[in-house]
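Engineer: Here the sequence shown is numbered in the numbering used here, starting from 121 and rising by one per residue.
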Amino acid sequence: MSDEDDSKLNRLPTELLCRIFNFLELKDRGIIERVCIRWHSILTSRDCPLADVVVINLFEPDVWVDTIAKNRYTTVKGTFVNDFNGLRNVFRHISSAHTVKLWFHTEKFAKDCIDVIADILDVKCVDVYPYAKVHILPYLHSRLPHLMALNMRPHSNQFHTCGLQLPSFPDFSKLSTLILDNYGVDGDFEFPKTVTSLEFSKREQTHYRALLPKLSHLSNLEYLTLSHADMSKTDDFTLFIRTVCSSRLPKLIILTLRMCKICPLNLQGDEIQMNLKMIKFDLCYGNILTSIKEFISFNKKLSILALNVLCNRTSLDIVCNICCELRRRGIGLHLSILQNYPLSKAFESPFVDLKPPISLFYVLSKFEASFVEDVVLFQIILLSGTFDVLRECKFVECEAVTSDLLQHLSVSAPLLRKLGVLSCTNPKDTDVLTFISSMSTRRSPHLQITWRRDRRIGSLAACYLSLVHEHRELIKGKKARFFAKTFSEGEEGEEILIWERDSTKSIQIRDYNDHQKYRTLGFIVGSKEPYNDETVSAVS
Numbered sequence: 121m122s123d124e125d126d127s128k129l130n131r132l133p134t135e136l137l138c139r140i141f142n143f144l145e146l147k148d149r150g151i152i153e154r155v156c157i158r159w160h161s162i163l164t165s166r167d168c169p170l171a172d173v174v175v176i177n178l179f180e181p182d183v184w185v186d187t188i189a190k191n192r193y194t195t196v197k198g199t200f201v202n203d204f205n206g207l208r209n210v211f212r213h214i215s216s217a218h219t220v221k222l223w224f225h226t227e228k229f230a231k232d233c234i235d236v237i238a239d240i241l242d243v244k245c246v247d248v249y250p251y252a253k254v255h256i257l258p259y260l261h262s263r264l265p266h267l268m269a270l271n272m273r274p275h276s277n278q279f280h281t282c283g284l285q286l287p288s289f290p291d292f293s294k295l296s297t298l299i300l301d302n303y304g305v306d307g308d309f310e311f312p313k314t315v316t317s318l319e320f321s322k323r324e325q326t327h328y329r330a331l332l333p334k335l336s337h338l339s340n341l342e343y344l345t346l347s348h349a350d351m352s353k354t355d356d357f358t359l360f361i362r363t364v365c366s367s368r369l370p371k372l373i374i375l376t377l378r379m380c381k382i383c384p385l386n387l388q389g390d391e392i393q394m395n396l397k398m399i400k401f402d403l404c405y406g407n408i409l410t411s412i413k414e415f416i417s418f419n420k421k422l423s424i425l426a427l428n429v430l431c432n433r434t435s436l437d438i439v440c441n442i443c444c445e446l447r448r449r450g451i452g453l454h455l456s457i458l459q460n461y462p463l464s465k466a467f468e469s470p471f472v473d474l475k476p477p478i479s480l481f482y483v484l485s486k487f488e489a490s491f492v493e494d495v496v497l498f499q500i501i502l503l504s505g506t507f508d509v510l511r512e513c514k515f516v517e518c519e520a521v522t523s524d525l526l527q528h529l530s531v532s533a534p535l536l537r538k539l540g541v542l543s544c545t546n547p548k549d550t551d552v553l554t555f556i557s558s559m560s561t562r563r564s565p566h567l568q569i570t571w572r573r574d575r576r577i578g579s580l581a582a583c584y585l586s587l588v589h590e591h592r593e594l595i596k597g598k599k600a601r602f603f604a605k606t607f608s609e610g611e612e613g614e615e616i617l618i619w620e621r622d623s624t625k626s627i628q629i630r631d632y633n634d635h636q637k638y639r640t641l642g643f644i645v646g647s648k649e650p651y652n653d654e655t656v657s658a659v660s
């Protein structure tokens with residue numbers, strides 16, 4: 121750079137330089153900061169941080185090399201950093217993140233990470249993922265006493281069955297969200313009273329009993345999720361319900377039971393009172409129908425029943441059986457269907473004679489389906505009526521999704537606000553245009569469609585060209601725009617926006633999700649292998 125160029129750059133206002141630097145990725149910032157003292161000062165100050173950083177993964181080298189880098193199923197990126205001084209230099213470019221995840225084998229590594237976080241970063245949540253019997257909560261509390269969220273899950277095969285015992289739990293002053301996955305809580309301690317959201321899961325199905333005495337201390341608890349609990353005995357299930365009733369947990373409004381075995385309660389409606397607004401049964405098993413009816417009876421304020429069920433006749437019969445009562449009580453239904461088996465060539469649908477009640481179309485407010493191949497099921501559930509209250513609908517890798525189904529939804533769900541069609545092979549890209557043609561009859565002011573397909577098959581750019589050239593009549597009286605977006609290195613998306621000129625109605629069609637708009641970073645601190653400043657792809 122010549123002296124004249126250097127002089128011109130030095131005259132640029134700091135605000136303008138920050139706008140320019142905001143387009144740089146982390147590696148580029150590391151190079152640019154060496155140009156001059158002023159640029160270094162701007163880039164490493166808190167006034168010009170790397171934008172949109174949500175998650176930072178910190179890996180101990182042994183954990184990365186021996187386990188994570190060998191896993192080929194989900195992709196995460198990690199950059200080797202020589203030592204913690206190098207990590208401090210990196211963090212000066214970041215300033216804040218919502219979550220930092222610690223993947224560690226030794227106590228020393230975890231403490232060193234916590235020191236750097238406490239000294240430089242503003243964080244709301246820390247995820248603790250130990251690969252050995254290491255307890256770092258006391259030290260985490262000493263350095264980050266005002267942490268707002270904590271997620272803990274022991275890794276490695278040695279903890280898969282029995283989990284890891286939690287010997288103590290510090291009193292974080294502002295902790296509101298706590299997630300404990302496969303941790304034992306037999307110890308003599310209490311959780312902070314500030315906790316409003318708690319998720320508890322352990323593979324040993326009776327271990328939830330150790331949690332119950334600790335729940336009575338959480339008077340501010342609003343959201344509770346319990347997973348893998350065997351409450352197939354009436355006494356066990358009744359004890360749990362009495363523990364979470366309104367007299368014990370007056371603020372509890374959302375309860376989720378995930379993969380729990382449950383039974384009838386045999387309680388009278390006036391024996392138990394709860395203040396739940398939403399109850400979710402997520403792949404639960406046992407006598408589900410009776411349990412659902414009992415929950416409805418002693419939850420006078422219930423407004424949402426959420427069911428995640430397997431794709432079989434028994435589960436769908438349960439759904440149909442409760443719809444009339446839901447309509448009578450004014451309770452909405454969130455229904456998710458998961459198919460966990462491939463269809464054979466000789467497959468005969470068990471839903472041919474299924475007759476959903478009319479009340480289903482008046483209570484179904486959210487519908488999701490994953491991996492469903494049975495076309496008959498969708499024809500009976502989704503193509504046989506008008507959905508007066510359906511607001512959200514999502515299909516993930518469902519071969520049963522057809523052009524006819526999408527056409528029907530475009531005219532039969534006037535309140536639809538969100539639609540997701542993700543990796544479904546049968547619909548054509550032009551099928552999304554049917555939602556534009558029905559725009560004037562829709563009662564919802566805005567519809568967001570997430571339409572994700574292999575771009576080798578089609579793209580929203582091609583869809584937009586088809587719209588403005590071959591189907592221009594669909595946007596008569598409307599305005600349409602196409603946007604190509606680049607969020608961060610390797611993350612990009614396309615978007616079509618259509619809005620009516622004479623009203624506030626609009627449609628957003630995109631091929632990305634909200635998570636893609638934010639950055640996830642990963643660093644391997646130290647070196648088990650020779651240092652390499654290239655980014656390494658592997659899996660979490």
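Note that beta-carbon positions come from the ideal geometry of N, C-alpha and C, so glycine has one too.
Between the alpha carbons of S660 and M272, how many angstroms are there, rounded?
Structural biologist: Walking along the sequence shown from the start, residue 660 turns up at place 540. Walking along the sequence shown from the start, residue 272 turns up at place 152. Reliability fails at S660, whose pLDDT of 29 lies under 50, so the model's placement of it is uncertain and the value that follows must be treated cautiously. Each residue's Cα considered, the two are about 15 Å apart.
Engineer: Three-state secondary structure (DSSP) at L163?
Structural biologist: The count along the sequence shown starts at 1 and reaches residue 163 at position 43. Correct three-state label for L163: helix.
Engineer: Alpha carbon to alpha carbon, how far is K400 from F320?
Structural biologist: Translated into positions along the sequence shown, residue 400 becomes position 280. Translated into positions along the sequence shown, residue 320 becomes position 200. Here the C-alpha atom of K400 lies approximately 15 Å from the C-alpha atom of F320.
Engineer: Cutting at 7 Å between CB atoms, please list the residues of its own chain near L526, excluding the five before and the five after it.
Structural biologist: By one-based count along the sequence shown, residue 526 stands at place 406. Around L526: P547, D551 and T554.
Engineer: Report the three-state DSSP secondary structure of A349 (helix, strand or coil).
Structural biologist: Numbered from its first residue, the sequence shown carries residue 349 at position 229. A349: coil per DSSP, three-state reduction.
Engineer: Counting only beta-carbon atoms, is R573 nearer than 7 Å to chain C?
Structural biologist: The displayed structure is made up of one protein chain only, and chain C is not part of it.
Engineer: Pull up the distance between the alpha-carbon of R572 and that of V541, whole angstroms please.
Structural biologist: For the purposes of this step, residue 572 is taken as residue 452 along the sequence shown, with counting starting at 1. For the purposes of this step, residue 541 is taken as residue 421 along the sequence shown, with counting starting at 1. Computed Cα separation, rounded: 6 Å.
Engineer: Could you compute how far the alpha carbon of N142 sits from the alpha carbon of G206?
Structural biologist: Translated into positions along the sequence shown, residue 142 becomes position 22. Translated into positions along the sequence shown, residue 206 becomes position 86. Each residue's alpha carbon lies about 22 Å from the other.
Engineer: Measuring straight from C-alpha to C-alpha, what distance separates A658 and W223?
Structural biologist: Working through the sequence shown from its first residue, we reach residue 658 at position 538. Working through the sequence shown from its first residue, we reach residue 223 at position 103. Any reading at A658 must be qualified, since the residue scores a pLDDT of 34, below 50, and its modelled position is unreliable; the value itself is stated next. The straight-line gap separating the alpha-carbon atoms of A658 and W223 is approximately 14 Å.
Engineer: Assuming G663 is part of the beta strand (DSSP E), what are its boundary residues?
Structural biologist: Examination of residue 663 is not possible in this model, given that the chain is present from 121 through 660 alone.
Engineer: Considering only the beta carbon of each residue, do T281 and R323 sit closer than 7 Å?
Structural biologist: Taking the sequence shown and counting its residues from 1, the one referred to as residue 281 is at position 161. Taking the sequence shown and counting its residues from 1, the one referred to as residue 323 is at position 203. Their beta carbons are under 7 Å apart, which means T281 touches R323 by this criterion.
Engineer: Can you say whether D653 is buried or exposed, counting buried as having 16 or more other CB atoms within 10 angstroms of its CB?
Structural biologist: Position 533 of the sequence shown holds residue 653. Caution applies to D653, whose pLDDT of 40 falls short of 50 and renders its modelled position unreliable; the value that the coordinates give is listed next. Classification for D653: exposed.
Engineer: Mapping the DSSP letters down to three states, classify Y632 as helix, strand or coil.
Structural biologist: Counted from its first residue, the sequence shown places residue 632 at position 512. Residue state, collapsed to three classes: coil.
Engineer: Hey, how far is the Cα of D62 from the Cα of K637?
Structural biologist: Nothing in the structure corresponds to residue 62, since the chain is present only between 121 and 660.
Engineer: Suppose the cutoff is 6 Å on Cβ atoms and the five residues either side in sequence are ignored; what does the same chain contact list for A604 look like?
Structural biologist: Within the sequence shown, residue 604 is the residue found at index 484, counting from 1. For A604, where only same-chain residues beyond five positions count, the Cβ hits under 6 Å are E614.
Engineer: Classify Y249 as buried or exposed, calling it buried when 16 or more other Cβ atoms lie within 10 Å of its own Cβ.
Structural biologist: On the sequence shown, residue 249 is found 129 positions in, with the first residue counted as 1. By the 10 Å Cβ count, Y249 comes out buried.
Engineer: Using 8 Å for Cβ pairs, my map puts L529 next to I569. What's the rounded Cβ distance?
Structural biologist: Your numbering for residue 529 matches position 409 in the sequence shown. Your numbering for residue 569 matches position 449 in the sequence shown. Actually they are not in contact, since the Cβ atoms of L529 and I569 sit about 11 Å apart, beyond 8 Å.
Engineer: Measure the alpha-carbon distance for T314 versus R158 and round it to whole angstroms.
Structural biologist: Counted from its first residue, the sequence shown places residue 314 at position 194. Counted from its first residue, the sequence shown places residue 158 at position 38. The alpha-carbon atoms of T314 and R158 are separated by roughly 44 Å.
Engineer: Helix, strand or coil for R362 per DSSP?
Structural biologist: Within the sequence shown, the letter at position 242 stands for residue 362. Of the three classes helix, strand and coil, the one that applies to R362 here is helix, per DSSP.
Engineer: Quick one: is L585 buried, meaning 16 or more other Cβ sit within 10 Å of its Cβ, or exposed?
Structural biologist: As a working note, residue 585 is residue 465 in the sequence shown. Classification of L585: exposed, given that the 10 Å Cβ count is below 16.
Engineer: Under 8 Å by Cβ, that's how I've got L359 and L341 pegged, so tell me the actual separation to the nearest angstrom.
Structural biologist: For the purposes of this step, residue 359 is identified with residue 239 of the sequence shown, where counting begins at 1. For the purposes of this step, residue 341 is identified with residue 221 of the sequence shown, where counting begins at 1. So it is not a contact: roughly 17 Å between Cβ atoms.
Engineer: Can the beta-carbon of R368 be found closer than 7 Å to that of S336?
Structural biologist: Mapped onto the sequence shown, residue 368 falls at position 248. Mapped onto the sequence shown, residue 336 falls at position 216. The answer is yes: Cβ separation under 7 Å.
Engineer: What are the boundary residues of the beta strand (DSSP E) that includes G198?
Structural biologist: Within the sequence shown, residue 198 is the residue found at index 78, counting from 1. G198 -> beta strand (DSSP E) spans V196 to V201.
Engineer: Looking at the secondary structure, which residues open and close the beta strand (DSSP E) in which G613 lies?
Structural biologist: To locate residue 613, count along the sequence shown from 1; it is residue 493. Where G613 is concerned, the enclosing beta strand (DSSP E) stretches over E611 to E620.
Engineer: Are the beta-carbon atoms belonging to G642 and K197 less than 7 Å from one another?
Structural biologist: Taking the first residue of the sequence shown as position 1, residue 642 is located at position 522. Taking the first residue of the sequence shown as position 1, residue 197 is located at position 77. Yes, the Cβ-Cβ distance between G642 and K197 is below 7 Å.
Engineer: Where in the stretch 284–313 do unbroken runs of the beta strand (DSSP E), each at least 3 residues long, occur, reported from the N-terminal end onward?
Structural biologist: 297–301
Engineer: Going by alpha carbons, who is nearest to P169 out of V175, L178, A189 and C138?
Structural biologist: As a working note, residue 169 is residue 49 in the sequence shown. Considering only alpha carbons, the answer is C138.
Engineer: Could you check if T314 belongs to the surroundings of the ligand ADP, using beta carbon to heavy atom distance under 6 Å?
Structural biologist: What this structure holds is no ligand at all, so the ligand ADP is not there to describe.
Engineer: Take the Cβ of S161 as the centre, count every other Cβ of all protein chains shown within 10 Å, and call the residue buried at 16 or more, exposed below.
Structural biologist: Position 41 of the sequence shown holds residue 161. Exposed, since its Cβ has fewer than 16 Cβ neighbours within 10 Å.
Engineer: Return the chain-ordered list of same chain residues with a C-beta closer than 8 Å to the C-beta of N407, the five sequence neighbours on each side being excluded.
Structural biologist: Along the sequence shown, read from residue 1 onward, the residue named residue 407 stands at position 287. Around N407: I382, C383 and P384.
Engineer: Quick one: residues in its chain with C-beta nearer than 7 Å to the C-beta of L594, no 5 flanking neighbours on either side, listed in chain order?
Structural biologist: What you label residue 594 is simply residue 474 of the sequence shown in a count that begins at 1. Contacts found: L553, I556, S557 and L587.
Engineer: What does DSSP give as the partner residue(s) for C245 in the beta ladder?
Structural biologist: Walking along the sequence shown from the start, residue 245 turns up at place 125. The partner list for C245 (beta bridge, DSSP) reads T219 and A269.
Engineer: Taking 8 Å as the cut-off, does the stretch 484–498 touch the stretch 446–456 (at least 3 CB pairs, one atom from each stretch)?
Structural biologist: yes
Engineer: Under 7 Å between the Cβ atoms of C444 and P477?
Structural biologist: Working through the sequence shown from its first residue, we reach residue 444 at position 324. Working through the sequence shown from its first residue, we reach residue 477 at position 357. Result yes, Cβ atoms of C444 and P477 sit closer than 7 Å.
Engineer: Which residues in the same chain have their Cβ closer than 8 Å to the Cβ of L403, if we skip the five residues on either side of it in sequence?
Structural biologist: For the purposes of this step, residue 403 is taken as residue 283 along the sequence shown, with counting starting at 1. Cβ neighbours of L403 beyond the five flanking positions: R378, M379, N428, V429, L430 and L458.
Engineer: Give a yes or no on contact between the stretch 251–268 and the stretch 226–234, applying the rule of three or more CB pairs nearer than 8 Å.
Structural biologist: yes
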